[in-house]
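Protein chains in written order, with the numbering used here: chain A, 1 to 477; chain B, 478 to 954.
Note that CB positions come from ideal geometry on N, CA and C, so glycine has one too.
Every value quoted in this text rests on a predicted model; they were computed, and no experiment measured them.
Following: one structure in structure tokens, then a few remarks.
Protein chains: 2
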Amino acid sequence: MTPEEFRKAGHELIDWIADYRQKIPGLPVRAQVQPGEVRTALPPQPPAKIEEFGALLTDLDRIIVPGITQVQHPMHYGWFPSNASLASVLGDIASSGLGTLGISWESCPALTEVEEVVCDWLRQLTGLSDRWKGTIHDTASTACVTAMILARERASGMSKNGSGLQGAAAPLIVYSTGQAHSSIAKAVQLAGFGNDNLRFIEEDPYTRAMLPGALALAIEQDLAAGNIPAGIVCSVGATATTAMDPVDAIAAVASRHGIWLHVDAAMAGSAMLLPECRHLWRGVEQADSLAWNPHKWMGTILDTALFYVRDVDHLERVMSTNPTYLHSSADGQVTQYRDWGIPLGRRFRALKLWFHLRLDGIDAIQARLRRDLDNAQWLKAQVESSENWEVLAPVALQTVCIRHVPLDDAGLPLCGDALDRHTLAWLGRINASGAAFMSASVLDGRWMVRVSIGVEDTTAAHVARLWELIQASASTN
Amino acid sequence: MTPEEFRKAGHELIDWIADYRQKIPGLPVRAQVQPGEVRTALPPQPPAKIEEFGALLTDLDRIIVPGITQVQHPMHYGWFPSNASLASVLGDIASSGLGTLGISWESCPALTEVEEVVCDWLRQLTGLSDRWKGTIHDTASTACVTAMILARERASGMSKNGSGLQGAAAPLIVYSTGQAHSSIAKAVQLAGFGNDNLRFIEEDPYTRAMLPGALALAIEQDLAAGNIPAGIVCSVGATATTAMDPVDAIAAVASRHGIWLHVDAAMAGSAMLLPECRHLWRGVEQADSLAWNPHKWMGTILDTALFYVRDVDHLERVMSTNPTYLHSSADGQVTQYRDWGIPLGRRFRALKLWFHLRLDGIDAIQARLRRDLDNAQWLKAQVESSENWEVLAPVALQTVCIRHVPLDDAGLPLCGDALDRHTLAWLGRINASGAAFMSASVLDGRWMVRVSIGVEDTTAAHVARLWELIQASASTN
Numbered sequence: 001m002t003p004e005e006f007r008k009a010g011h012e013l014i015d016w017i018a019d020y021r022q023k024i025p026g027l028p029v030r031a032q033v034q035p036g037e038v039r040t041a042l043p044p045q046p047p048a049k050i051e052e053f054g055a056l057l058t059d060l061d062r063i064i065v066p067g068i069t070q071v072q073h074p075m076h077y078g079w080f081p082s083n084a085s086l087a088s089v090l091g092d093i094a095s096s097g098l099g100t101l102g103i104s105w106e107s108c109p110a111l112t113e114v115e116e117v118v119c120d121w122l123r124q125l126t127g128l129s130d131r132w133k134g135t136i137h138d139t140a141s142t143a144c145v146t147a148m149i150l151a152r153e154r155a156s157g158m159s160k161n162g163s164g165l166q167g168a169a170a171p172l173i174v175y176s177t178g179q180a181h182s183s184i185a186k187a188v189q190l191a192g193f194g195n196d197n198l199r200f201i202e203e204d205p206y207t208r209a210m211l212p213g214a215l216a217l218a219i220e221q222d223l224a225a226g227n228i229p230a231g232i233v234c235s236v237g238a239t240a241t242t243a244m245d246p247v248d249a250i251a252a253v254a255s256r257h258g259i260w261l262h263v264d265a266a267m268a269g270s271a272m273l274l275p276e277c278r279h280l281w282r283g284v285e286q287a288d289s290l291a292w293n294p295h296k297w298m299g300t301i302l303d304t305a306l307f308y309v310r311d312v313d314h315l316e317r318v319m320s321t322n323p324t325y326l327h328s329s330a331d332g333q334v335t336q337y338r339d340w341g342i343p344l345g346r347r348f349r350a351l352k353l354w355f356h357l358r359l360d361g362i363d364a365i366q367a368r369l370r371r372d373l374d375n376a377q378w379l380k381a382q383v384e385s386s387e388n389w390e391v392l393a394p395v396a397l398q399t400v401c402i403r404h405v406p407l408d409d410a411g412l413p414l415c416g417d418a419l420d421r422h423t424l425a426w427l428g429r430i431n432a433s434g435a436a437f438m439s440a441s442v443l444d445g446r447w448m449v450r451v452s453i454g455v456e457d458t459t460a461a462h463v464a465r466l467w468e469l470i471q472a473s474a475s476t477n
Numbered sequence: 478m479t480p481e482e483f484r485k486a487g488h489e490l491i492d493w494i495a496d497y498r499q500k501i502p503g504l505p506v507r508a509q510v511q512p513g514e515v516r517t518a519l520p521p522q523p524p525a526k527i528e529e530f531g532a533l534l535t536d537l538d539r540i541i542v543p544g545i546t547q548v549q550h551p552m553h554y555g556w557f558p559s560n561a562s563l564a565s566v567l568g569d570i571a572s573s574g575l576g577t578l579g580i581s582w583e584s585c586p587a588l589t590e591v592e593e594v595v596c597d598w599l600r601q602l603t604g605l606s607d608r609w610k611g612t613i614h615d616t617a618s619t620a621c622v623t624a625m626i627l628a629r630e631r632a633s634g635m636s637k638n639g640s641g642l643q644g645a646a647a648p649l650i651v652y653s654t655g656q657a658h659s660s661i662a663k664a665v666q667l668a669g670f671g672n673d674n675l676r677f678i679e680e681d682p683y684t685r686a687m688l689p690g691a692l693a694l695a696i697e698q699d700l701a702a703g704n705i706p707a708g709i710v711c712s713v714g715a716t717a718t719t720a721m722d723p724v725d726a727i728a729a730v731a732s733r734h735g736i737w738l739h740v741d742a743a744m745a746g747s748a749m750l751l752p753e754c755r756h757l758w759r760g761v762e763q764a765d766s767l768a769w770n771p772h773k774w775m776g777t778i779l780d781t782a783l784f785y786v787r788d789v790d791h792l793e794r795v796m797s798t799n800p801t802y803l804h805s806s807a808d809g810q811v812t813q814y815r816d817w818g819i820p821l822g823r824r825f826r827a828l829k830l831w832f833h834l835r836l837d838g839i840d841a842i843q844a845r846l847r848r849d850l851d852n853a854q855w856l857k858a859q860v861e862s863s864e865n866w867e868v869l870a871p872v873a874l875q876t877v878c879i880r881h882v883p884l885d886d887a888g889l890p891l892c893g894d895a896l897d898r899h900t901l902a903w904l905g906r907i908n909a910s911g912a913a914f915m916s917a918s919v920l921d922g923r924w925m926v927r928v929s930i931g932v933e934d935t936t937a938a939h940v941a942r943l944w945e946l947i948q949a950s951a952s953t954n
């Protein structure tokens, strides 16, 4: 395709995207397609002939859009917000158009240095000290695998350079809680620790925060058993209820024993753009690594996951390779991001953050986050003041965990499997209708509904409308 | 930013990209900036005020473009081709504009099912049987880490579910060659095997291909020592010289011992779009996993790395998590790509391949690949027939490894460090001039120059011009 052909098609595509974004509020939130429906709409064999660009736009309308759960929809309250601000989309488009190759500083100095600068901007905007250096990963899952490998190598005396994890003197142990995101257990397993060496520390029964005393005790027990405490993963805004582990108390335990402390703030990192929220990760300066995703609530389009460390030397020792075909005269004077993570090659992801901050601006982003915090508190108040409704966890940020507990035929609060059936039924009716979407999650063995507020276009009126939908659905039989 | 503001800025950006792509041939190939030059052109503090979109376009021209090594330039012959075909760029833009979230089938059924379909299209186009199932990773490095974890878990009896790699009965061993990409050794280290458990098998001194007899011997020795052979990484198109390990003979050894065989065809996978090249990976059907990057020679913009496995059950057992907040009624009927790799969330990468194949078409892609093979053979013939020039390795694909060995003052062929200085000097002059770019690499302890042909816009005339530049530079003192 020539640049002139691209120009023509590109203009059509921009119009298509702008039109699509405008019509999202009129689309069903959850994709209404059945399993296999998109697949069977596509030819099973690769195309034998080239096609006009218009045919692809038609297919976007006909096949793709119906197959999307509209996470940019103002009535989307599922999982966590996954905003794709149009300012950041422009940065992503610029990245695509440039077609750069990020395998070394030399292959694209601008890619490396803009990434250094915007990671430092975000460091400043979240109130972190300049002891932190950052890079962009695809997701917090990948950042966590990296953190677990960093922990493993510190605790095993850089076993990767010798006989590997098998050569470690004793079993290496990682500590977290049952509230930690599923990617934490996965990272522990992928890094080779084994599930038996992952300890879920007792939580506060209401806040779901890790109990630092229980952590200290578990570590003492492992030390007494001859095991090696290697890593702690502290959740700041855990997935189910946005539980907040007490970073400061955990960091005190970690530093006493020289244990690698990773802070998973994938969701709550965005909140740290608001100075009034930073008490939620008090103590973070004592951690060793930290991940948060602007591609969630802040809204820099996926994939934009920030990963910060304090000890860059250790990071590079663990993650570096230095083959001769990548040598250049700039070595030693520049950052080589290939030595900061798993993949060698990288996209020019920093442009997404660069565009987002320059075009939308931090003031507007902060105002939006505060709006969402207010909306969550409003919803919490409605639920708490309504008969037969419960708020199940502290509303630390923008997620409200709720359950409707009507009275059964005997006049007693519904419980057990009947309560689960009721919860999934009223939620299922809303999700199936396409009018709104929320996720369910299990808490203490019973289903609850997570109302995760924070889509860019979700206003107070949308949240009020949701509360009406919820009440109506829960009172239907 | 509203959709209407996006529409206006987007049109400006499309024009900017089309203009940029048109002017690439007039830009220096290697970025001419010094370390730190881009960084110091940017404000050290985050922007306090929002800016007009025009200011960003100005900065792209003023700061970013000079900081890019132009890998889309027709005189770029460095590393490996990193084509970003404009047809695939359109697919990438569509992906950005849609702003989808890929964390489960339910979060975007279209993302999952288009990925299934295009991975199967590429399977057919490279002549693989339908026993292979594919997914898209960011890079072959990540695919290799995944493969090494799959090998580790098979050889250790799924140690991740128990006491981890430390609980394995004996040291687990991986086999490859010194030609394997640096990401292979990195993957072995990251997966916890330890560098001492990576065996570099003897290579043929000219083809640099792994000697299967030496592999068989090394495995026998490890078995005799009580070690557990766990994985073999076979390179199809290794980085320095595009060396081709004999997959069939290696697969025979691997299957005899039940060792996981990963084929790294990151570069050469594109060649398998040509039926006449498929003999180069004969035996691939016996491998366990396979990675290749359409974002290299084929030209689907980075990041598009295909990863195929035959045993999806093992893949999912190793990589899966199944938290309740991701449950949906579609579970069991659909593919959950979160259980096929490291990250939970994914972009809608499949659109890049979908657009590329439908707009450029396989015929045009094949014709371009054949043109590049012809150009490489032409250059090889020129070098071989020129006095004092050497072709150092078989030209299996599009990379020609060369060295100029002039006579010294005593009339003897230059050798030792003086030869290295000469090689790096003539290459350095060309690269510094901006007229063309090639990479150096060390082969048998001495520097050589890799001419890696295959940029979309590189014609026979460009290669002829390069050969003139090379000769002129090598004869300069």
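Could you tell me the boundaries of the beta strand (DSSP E) in which residue i lies?
i, result
"residue 741/B", "737 to 741"
"residue 926/B", "923 to 929"
"residue 768/B", "766 to 769"
"residue 443/A", "437 to 443"
"residue 390/A", "389 to 391"
Could you please give the first and the last residue of the uninterrupted alpha helix (DSSP H) stretch that includes residue i?
i, result
"residue 706/B", "No alpha helix (DSSP H) contains residue 706/B, which is instead part of the beta strand (DSSP E) from 705 to 712."
"residue 55/A", "53 to 59"
"residue 175/A", "Note, residue 175/A: premise wrong, no alpha helix (DSSP H); beta strand (DSSP E) at 172 to 176."
"residue 901/B", "893 to 910"
"residue 504/B", "Element bounds for residue 504/B: n/a, residue is neither H nor E."
"residue 879/B", "Taken as a continuous stretch (DSSP letters only), residue 879/B belongs to no alpha helix (DSSP H), being part of the beta strand (DSSP E) at 876 to 881."
In this structure, does DSSP put residue i in helix, strand or coil?
i, result
"residue 595/B", "helix"
"residue 96/A", "helix"
"residue 805/B", "coil"
"residue 312/A", "helix"
"residue 683/B", "coil"
"residue 80/A", "coil"
"residue 621/B", "helix"
"residue 419/B", "With chain B represented from 478 up to 954, any question about residue 419/B goes unanswered, as that position is not in the structure."
"residue 306/A", "strand"
"residue 485/B", "helix"
"residue 749/B", "helix"
Just to confirm before moving on: does the CB-CB distance between residue i and residue j stay below 9 Å?
i, j, result
"residue 314/A", "residue 150/A", "yes"
"residue 830/B", "residue 568/B", "yes"
"residue 310/A", "residue 127/A", "no"
"residue 487/A", "residue 143/A", "Lying outside 1 to 477, the shown extent of chain A, residue 487/A is not represented and no answer is given."
"residue 942/B", "residue 913/B", "yes"
"residue 564/B", "residue 804/B", "no"
Worksheet item: If contact means a Cβ-Cβ distance below 7 Å, which residues of the segment 76 to 98 of chain A contact chain B?
Response: 79, 82, 84, 85, 86, 87, 89, 90, 92, 93, 94, 96, 97, 98
Item to complete: With 8 Å as the C-beta to C-beta threshold (strictly closer), list the residues of the segment 493 to 519 of chain B near chain A in chain order.
Response: 493, 494, 495, 496, 497, 498, 499, 507, 508, 510, 512, 513, 514, 515, 516, 519
Practice prompt. Note down, in chain order, all residues in the segment 102 to 113 of chain A with a beta-carbon under 9 Å from any beta-carbon belonging to chain B.
Written response: 102, 103, 104, 105, 106, 107, 108, 109, 110, 111, 112, 113
Item to complete: Taking 8 Å as the threshold, find out whether the segment 527 to 537 of chain B comes into contact with the segment 739 to 759 of chain B through three or more Cβ pairs.
Response: no
Worksheet entry | Given 8 Å, three or more beta-carbon pairs between the segment 146 to 161 of chain A and the segment 203 to 218 of chain A | no
Worksheet entry | Cβ contact check for the segment 453 to 470 of chain A and the segment 376 to 384 of chain A: 3 or more pairs under 8 Å | yes
Worksheet item: Is the segment 495 to 513 of chain B touching the segment 466 to 474 of chain A in the sense that three or more CB pairs, one from each, lie closer than 8 Å?
Response: Two segments are said to touch when three or more pairs of C-beta atoms, one from each, lie closer than 8 Å; by this definition the segment 466 to 474 of chain A does not touch the segment 495 to 513 of chain B.
Discussion item. When you compare the segment 130 to 141 of chain A with the segment 818 to 827 of chain B, are there three or more beta-carbon pairs, one atom per stretch, that lie closer than 8 Å?
Written reply: yes
Item to complete: Could you run through the segment 131 to 149 of chain A and flag, in chain order, every residue whose CB is less than 7 Å away from some CB of chain B?
Response: 138, 139, 141, 142, 145, 149
Item to complete: Examine the Cβ distances between the segment 549 to 565 of chain B and the segment 95 to 113 of chain A and report whether three or more of them are shorter than 8 Å.
Response: yes
Worksheet item: On the three-pair Cβ rule with 8 Å, is the segment 231 to 240 of chain A touching the segment 167 to 180 of chain A?
Response: yes
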